[in-house]
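Everything below concerns the one structure shown next.
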Amino acid sequence: MFNINTRKVDDESYVELAKKWDIKKWVESDGQVRWYGCRRGYRHNQGTSKCSLTKGLGNPPCELENLADAIKFIMRECEKAGLFCELQEGTLLGAVKFNKVLPWERDADITFLTANYTAFKNLMRPKLIEQGYSLTTYDTSVRCCLEGRQTGGQFLIGTPSFTIEMYGQYMMESEILAARGQPSTKINFAGEWVNVVRNPGLYARNRYGPNHFRHAEHWRDAGSATGWVFYRPSHFTKCPTPGHSACLDQYPADGNIQFSDYTTL
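Once you know that position 161 of the sequence shown is 161 in UniProt numbering, the rest is easy, because the numbers rise by one and skip nothing.
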């Protein structure tokens, strides 16, 4: 019988090593995660406000986690206040495929009930500012009427590296279910259960086509004129920095294991 006394090493001790090899997320065998670079909330990362987002490279894990934090904060505050908000578009697709933000994401999408527009604006502005985010409102985007209800409405929420786009809908499934006394549909997103449409997998298939479980980079990086097109998955863009650990073209454009913390590749 023997014992091993493992010396605890602080995150700060690895800062220079992380800089040398451009490491943003360090996962140890016992599950401990060390964050470097642009990750918010860590003293040893102060002074690094954002990391670059480059076509052909997966986004730095610290930026993906920062975006996930912002999305979860909004969804959490909506639920606490009784406002109806749901993940939408590529943000929902990331939740369906990876239970987190897409590794090549460029923005985020959340939909809300138009009737909640004023309540969201008044409630969320001070909360967002307190978190270091910005809120841009578009009051004239609210229109009347569709089936006797207000429709439209738009917010843009700014984070240091991403914009979260929020568009209003005159009717939402979460609201319908609540009126029936039924719980809303939820999906695991970055470790938190958040509201989505019913059958989110079917929604993603109808929105992006039958190949939605395969991968294609963001429509802007793929050269599309609009995001309202079906997926055209084939292979990832040629990496601009060959040999970098974030090169997307080293991975198959299908499956999710290669983008998890623990991979067999």
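Just so you know, even glycine gets a beta-carbon here, dropped at the ideal spot from N, CA and C. All figures in this text were calculated on a predicted structure; none of them were measured in a lab.
Residue i - DSSP class collapsed to helix/strand/coil
i      : result
Pro205 : The question names Pro, but residue 205 is Arg in the sequence shown. It is helical.
Gln169 : strand
Gly94  : helix
Leu146 : strand
Phe73  : helix
Asn99  : coil
Ile129 : helix
Asn188 : strand
Asn195 : strand
Arg7   : coil
Cys239 : coil
Buried/exposed call for residue i, threshold 16 Cβ in 10 Å
i           : result
Pro183      : exposed
Ala108      : buried
residue 298 : With the chain represented from 1 up to 265, any question about residue 298 goes unanswered, as that position is not in the structure.
Ile4        : exposed
Trp104      : buried
Ala179      : exposed
Lys238      : exposed
His235      : exposed
Ser134      : exposed
Pro242      : exposed
Thr118      : exposed
Asn195      : buried
Pro240      : exposed
Own chain partners of residue i with C-beta closer than 6 Å, once the 5 adjacent residues on each side are dropped
i      : result
Cys144 : Gln150
Ser245 : none
Leu177 : Ser184
Leu265 : In this predicted model, Leu265 has a pLDDT of only 43, less than 50, meaning its place in the structure is not dependable enough to derive any value.
Those residues which DSSP pairs with residue i across a bridge
i      : result
Glu86  : Thr111
Thr151 : Arg143
Leu158 : One detail in the question is off: residue 158 reads as Gly in this sequence, not Leu. In the DSSP output, where bridge partners are listed per residue, Gly158 has Ser134 and Thr163.
Cys62  : According to DSSP, Cys62 bridges with nothing at all.
Lys25  : Trp35
Leu177 : Note: Leu177 sits in no beta bridge, so no partner.
Leu53  : Paired residue(s): none; Leu53 is not in a bridge.
Same chain, Cβ closer than 7 Å to residue i, neighbours up to 5 away in sequence not counted
i      : result
Asn211 : Tyr231 and Pro233
Asp22  : none
Thr263 : The pLDDT assigned to Thr263 is 47, lower than 50, so where the model puts this residue is not dependable; a value taken from the coordinates is nonetheless given after this. Excluding residues within five positions, the ones whose Cβ falls inside 7 Å are Ile257.
Whole-number beta carbon distance between residue j and residue i, since they are thought to touch under 8 Å
i     : j     : result
Asn59 : Arg40 : So it is not a contact: roughly 15 Å between Cβ atoms.
Contact set for residue i: own chain, Cβ-Cβ below 8 Å, skip 5 residues either direction
i     : result
Leu93 : Leu102, Ala204, Arg207, Tyr208 and His212
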